[in-house]
Amino acid sequence: MAKELKELTPRSEDYSQWYLDLVIKAELAENSAVRGCMVIKPYGYAIWEKMQRQLDDMFKETGHVNAYFPLFIPKSFLSREADHVEGFAKECAVVTHYRLKNASDGSGVVVDPEAKLEEELIIRPTSETIIWNTYKNWIQSYRDLPLLINQWANVVRWEMRTRLFLRTAEFLWQEGHTAHATQKEAIEETERMINVYAEFVEKYMALPVIKGKKSASERFAGAVDTYTIEALMQDGKALQSGTSHFLGQNFAKAFDVMFTDKDGGRDYVWATSWGVSTRLIGALIMAHSDDNGLVLPPKLAPYQVVIVPIYKNAEQLAQIDEKVSGIVSRLKALGISVKYDNSDNKKPGWKFAEYELKGVPVRLAMGGRDMENNTIEVARRDTLTKETVSCNNIEEYIKNLLDKIQENIYKKALDYRASATREINSYEEFKEEIEKGGFLLCHWDGTPETEELIKNETKATIRCIPLEGDKTPGKCMVTGKPSEQRVIFARAY
């Protein structure tokens, strides 16, 4: 049964099926009765809660506060910012009626044609419009600025091709929306938040990212500039893992949000927005996991340690219970999340397989001989290695081990990215290398026409124009025209 529990499609055989198998078997999420929507199961939601808690602390440390805005947006709001409506029009779910009634033939309920809304409501694909309409009432003078608001919410983008966590019609996220007195302050905010995201993904998700700007054609609809963090998955595809947008005065002008400055002048405020979503759980799975199941970085694992007793009878179990209770208390005192699984409905072998599948970073096992020798078996999920150690100061040993596991998972992802990042100088070489996956550093002439040609011919997109690294100018690999610096191309999710 333990083997059946862990049976996953190998990554080398079918990466997409491996991912789906893992999401389902590790009980992270499943498809719902609503097409394109998912049910996030308790274990998956526990990971999201850990992400949410840490990010929320980081937002508040940078001066932001939480609020909540309506799920419904009047259709007319979307049309006020031309680029914004064009970017989201094809993904919007629309509410047209507000009441149902029983069908006259008794066949069930139908939409009441007499209950048509005067103006249709859009289920939010993002909240810029409803929030900026609200900010008009909140902002009068420079004393009301900066306004630093975040909300945790759900959004709907009517996707036709969906994949659990990575792309669903409804997903959970946070979206920050800020207002500033000057352009400089707004740009600083945009950069600050992309740095917050990068710190979170690298320090907590153990996933290296590249910070950069999007090309004009890849920007958020309605933004002047979009900053992004891009991560590389184990199959060589990129995943956009967070974005921060400098919106200029576009939304302030669309919703007439002005303020009186210190000199008594009137001007439009400057805006930003930024967000990450449950897509990060997909990134976590694809970046670190293996053919045995999830590999979770300790800082985001619902349980960092699980302890499994191995016993012959109830008397021996009672002795192990007593011994383990002290270990559990000492681990918890250090802030380590631990689960002691002494349930009698599954054998130890099943439990080992289940916790390995679920990516618990450290598994401890104690049997009768361990108890007599004051030892315990320690198994690492990241390396699948085991050792027997003394129970004396076990809590300090585990604390240090969790730090080592976090570092090792990050280093493994960083080494993989380094091996899959190449400089490319010709378009012919590019077309060959893109088939191997990874990040390709190439010169591009900066035109949307060249960008579109590459996308159409190779399915690769510009992931970002890196903010750091080599800024040496060169010649476009396609046209030979001048290029300011290399950009990163990849195929992406």
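Sequence positions in the sequence shown follow our numbering and run 5 to 497. In this text, a Cβ means the ideal position worked out from N, Cα and C, and glycines have one as well. Predicted model only: the values in this text are computed from it and were never measured.
Residue burial classification, residue i (beta-carbon count within 10 angstroms, cutoff 16)
i    : result
E437 : buried
M5   : Because the pLDDT at M5 is just 46, under 50, the model does not fix this residue reliably, and the point stays unresolved.
D386 : buried
T454 : buried
M55  : buried
G269 : exposed
W142 : exposed
P452 : exposed
S281 : buried
P301 : buried
Y72  : exposed
D374 : buried
N137 : buried
N317 : exposed
Top-ranked residue by Cα proximity to residue i, from the options
i    : options                : result
E472 : E391, I28, G216, A242  : G216
R384 : N296, S111, E31        : N296
D348 : L104, G268, D325       : D325
T100 : V113, D386, K120, A93  : K120
S83  : A225, V69, G441        : A225
W156 : S131, V200, Y47        : S131
K218 : E203, P212, F250       : F250
T483 : I466, T194, F76, H447  : H447
G441 : E432, R426, Y431       : R426
S394 : K408, E433, E376, W136 : E376
T66  : P306, P150, A210, V366 : P150
L26  : D61, I289, W136, A256  : I289
P14  : L298, I413, K475, P365 : L298
P46  : A30, Q410, D60         : A30
E360 : D260, A318, Y307, D407 : Y307
C-beta contact flag for residue i and residue j at 9 Å
i    : j    : result
Y139 : H184 : no
A190 : T276 : yes
K303 : Q144 : no
L445 : R495 : no
R103 : D116 : yes
L24  : R167 : yes
L284 : V309 : no
T392 : T379 : yes
P352 : V382 : no
A97  : W52  : no
Y146 : K266 : yes
A256 : W278 : no
Interface flag, residue i vs chain D, CB-CB below 9 Å
i    : result
V312 : Annotation note: the requested chain D is absent from the structure, which comprises a single protein chain.
Alpha carbon of residue i to alpha carbon of residue j, nearest angstrom
i    : j    : result
L170 : V328 : 39 Å
S20  : V205 : 23 Å
P78  : A337 : 51 Å
N154 : Q178 : 7 Å
N429 : E439 : 16 Å
L152 : A173 : 28 Å
Q253 : D87  : 13 Å
E118 : S108 : 15 Å
F263 : T186 : 11 Å
M481 : P470 : 17 Å
K94  : M164 : 11 Å
P486 : S341 : 55 Å
W22  : D294 : 9 Å
I398 : R39  : 48 Å
I135 : N460 : 36 Å
E400 : R367 : 15 Å
V160 : I331 : 45 Å
A258 : E85  : 6 Å
A422 : K415 : 10 Å
S80  : A227 : 19 Å
G112 : Y49  : 35 Å
G478 : E90  : 34 Å
Y420 : N346 : 38 Å
K350 : A357 : 11 Å
N404 : S333 : 17 Å
Beta-carbon proximity list for residue i, same chain, < 6 Å, skipping 5 on both sides
i    : result
G450 : none
D148 : none
L243 : A235, M237, A287, Y497
T230 : K218, R223, F224, T247, H249
Y431 : M481, V482
A202 : V213, K215, I233
D474 : none
Same chain, Cβ closer than 8 Å to residue i, neighbours up to 5 away in sequence not counted
i    : result
Y315 : L321, I324, G371, G372
S36  : M42, V43
Any non-hydrogen atom of the ligand HEM within 8 Å of residue i CB
i    : result
S145 : Here there are no bound small molecules, and the ligand HEM is not part of this structure.
Own chain, CB closer than 7 Å to residue i, minus 5 neighbours either side, in chain order
i    : result
I28  : E34
A464 : I438, I458, F493, A494, R495
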